[in-house]
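Chemist:
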Amino acid sequence: MARKDITVIGAGLVGSLIATLLSQRGFRVTVFEKRSDPRRAGFLGGRSINLALAERGLNALRATGLADDVLAQAVMMRGRMVHDRDAGTSSLHRYGVDDSEVIWSVSRGGLNTLMLDAAEAAGATIHFDQGLASADFAAGTATLCDSAGVLRQVEAATLVGADGAGSALRAAMHAHTPLGERIEELGHGYKELEIPPGPASQPFAIEPNALHIWPRGGYMCIALPNREGSFTVTLFLPNTGPHPSFATLPDAHGAEALFRDEFPDALKLMPDFNADWSAHPVGTLATLYLDRWHIGGNALLIGDAAHAIVPFHGQGMNCGFEDAAELAPLLEAEPDDIAGVFAEFQRRRKPNADAIAAMALENYIEMRDSVADPHYLRKRELGSLLAERAPAHYMPRYRMVTFTHLPYHYALERGRAQDTLIEQLLKGHTDVSGVNLDDAVATLKATLPPLPAR
Numbered sequence: 001m002a003r004k005d006i007t008v009i010g011a012g013l014v015g016s017l018i019a020t021l022l023s024q025r026g027f028r029v030t031v032f033e034k035r036s037d038p039r040r041a042g043f044l045g046g047r048s049i050n051l052a053l054a055e056r057g058l059n060a061l062r063a064t065g066l067a068d069d070v071l072a073q074a075v076m077m078r079g080r081m082v083h084d085r086d087a088g089t090s091s092l093h094r095y096g097v098d099d100s101e102v103i104w105s106v107s108r109g110g111l112n113t114l115m116l117d118a119a120e121a122a123g124a125t126i127h128f129d130q131g132l133a134s135a136d137f138a139a140g141t142a143t144l145c146d147s148a149g150v151l152r153q154v155e156a157a158t159l160v161g162a163d164g165a166g167s168a169l170r171a172a173m174h175a176h177t178p179l180g181e182r183i184e185e186l187g188h189g190y191k192e193l194e195i196p197p198g199p200a201s202q203p204f205a206i207e208p209n210a211l212h213i214w215p216r217g218g219y220m221c222i223a224l225p226n227r228e229g230s231f232t233v234t235l236f237l238p239n240t241g242p243h244p245s246f247a248t249l250p251d252a253h254g255a256e257a258l259f260r261d262e263f264p265d266a267l268k269l270m271p272d273f274n275a276d277w278s279a280h281p282v283g284t285l286a287t288l289y290l291d292r293w294h295i296g297g298n299a300l301l302i303g304d305a306a307h308a309i310v311p312f313h314g315q316g317m318n319c320g321f322e323d324a325a326e327l328a329p330l331l332e333a334e335p336d337d338i339a340g341v342f343a344e345f346q347r348r349r350k351p352n353a354d355a356i357a358a359m360a361l362e363n364y365i366e367m368r369d370s371v372a373d374p375h376y377l378r379k380r381e382l383g384s385l386l387a388e389r390a391p392a393h394y395m396p397r398y399r400m401v402t403f404t405h406l407p408y409h410y411a412l413e414r415g416r417a418q419d420t421l422i423e424q425l426l427k428g429h430t431d432v433s434g435v436n437l438d439d440a441v442a443t444l445k446a447t448l449p450p451l452p453a454r
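Right under this line is the structure:
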């Protein structure tokens, strides 16, 4: 194969991964990143919400040889630890059947450092402090700008944009050819806080191997573990509206009063609550939709640059990694038909991106409300029994998304069909024990075809 030149915009997680995968396949890859090198300057940019690494992301990392190194930095999360306000108790809702089906809490900065090293080791050249200012797709050039405002032009006949939700390449493409961009604001924001580590003898103040959720109906608080014993705590609230919303919490004292009423067990573990609240801005949450991800063979968007989603299914990074894992072999197979590869990539991936965007929005409602709802818990219990008795015909949607490689769009459609069936089976029953499981399994097998290979 003749070596081809690929220019990647963005050296974040997805940019580093696609640079590695393409370099391994013999492409000459040059990466331009607007930030300074985080391995020298420290990790500064972007959201710092902990990342949830699941099977789709791990599968992509295995191809780079990084999976074991990443897991060595991660903390296993077996499920959701749901903190009940009224009872003052907590209970673990497992994600999978056992410890073979877990997700991993990883640090964005630590993961990015590993992946930058891997990209360079594979042969990619990375230029930091070089943001994309503009692109001339007809001429095959890109204009870059450093922090001092100095511009330079480089050859860039084939551009891959992995520069996140605020993508500069997407803006340049949209100026050239409208992409059908639509951004839907969630109307909710987030604020980050921290539960600090305890003494060396007991560094974790609460259960370390779980994603902690304090569901409160229209809002919630979550906490993800870090290896040194701290937890990254994130409050999700409406931006405006009646109390509680960020508009009704003008300062740290008001926020502390909210936590005292709604999350008292979490508040007592946060000695620096007021300082954390004051130091961290309110983050925004939105979903990005595009009708087009590419301009011929000149430019393609992947990851958040093409389909940024809200973080409530923990799949944003995993979906971006799956993008890279699918794009690299397509380019390897047809290096002389870049336009055809980009079109095929969009055809394959866009339905899946739209599906995980929908499921992430649905999961916000589930996390903040449904996990404490008795009917939801009955549905979850019956679903688990059906999965145990008829695993070839039933798998909870969360497991399909998180622990398999089944396409997201299939998981969405199958999940809806299964939910309809569960509702029918529970009709007239206030308890799962009233459902005849033998009849339920027979109905399942008569209604839905077997699941495809995982």
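Under the working numbering, the residue at position 113 of the sequence shown is numbered 113, and the numbers go up by one with no gaps.
We treat Cβ as the ideally placed atom computed from N, Cα and C, and that holds for glycine.
(1) Which residues in the same chain have their Cβ closer than 6 Å to the Cβ of T7, if we skip the five residues on either side of it in sequence?
(2) Closest by CA to A205, which one among T232, E192, E184 and Y219?
(3) Does DSSP put F27 in a helix, a strand or coil?
(4) When you compare each of A142, D146, Q153 and S147 to G161 by their alpha carbons, which one comes out closest?
(5) Helix, strand or coil: which one does DSSP assign to M173?
(6) Based on the DSSP secondary-structure assignment, which residues constitute the bridge partners of R182?
(7) Whole angstroms is fine: what's the gap from L425's alpha carbon to D69's?
(8) Taking its Cβ as the centre, do 16 or more other Cβ atoms sit within 10 Å of K268, making it buried, or is it exposed?
(9) Considering only residues of the segment 347–411, which uninterrupted alpha helix (DSSP H) runs meet the minimum length of 4 residues and lie entirely inside it, listed in chain order?
(10) Comparing C-alpha positions only, which one of I302, G314, G340 and S370 sits nearest to R349?
(11) Going by beta carbon distance, what residues of the same chain come within less than 7 Å of G187, once the five residues before and after it are set aside?
(12) Given this structure, state the Cα-to-Cα distance separating V82 from A54, to the nearest angstrom.
(13) Taking DSSP's pairing of strands, which residues face Q153 in a bridge?
(14) Between which two residues does the beta strand (DSSP E) carrying P215 extend?
(15) Kindly indicate which residue of F246, D323, Y219 and S433 has the alpha-carbon position closest to the one of D369.
(16) With DSSP as the reference, label A325 as helix, strand or coil.
(17) Does the distance from the C-beta atom of L21 to that of A324 stay below 9 Å?
(18) Using 8 Å as the threshold, is the segment 338–356 in touch with the segment 74–92, meaning 3 or more CB pairs across them?
(19) With three or more C-beta pairs closer than 8 Å as the rule, is the segment 167–183 touching the segment 290–300?
(20) For the beta strand (DSSP E) holding V441, just list the boundary residues, first then last.
(21) For L327 and L116, what's the separation of their Cα atoms in angstroms?
Modeler: According to the structure data:
(1) T30, A156 and L159
(2) T232
(3) coil
(4) A142
(5) helix
(6) Y289
(7) 45 Å
(8) exposed
(9) 374–389 and 397–403
(10) I302
(11) P238 and N239
(12) 20 Å
(13) T143
(14) L211 to P215
(15) Y219
(16) helix
(17) yes
(18) no
(19) yes
(20) Per DSSP, V441 belongs to no beta strand (DSSP E); it is in the alpha helix (DSSP H), L437 to T447.
(21) 19 Å
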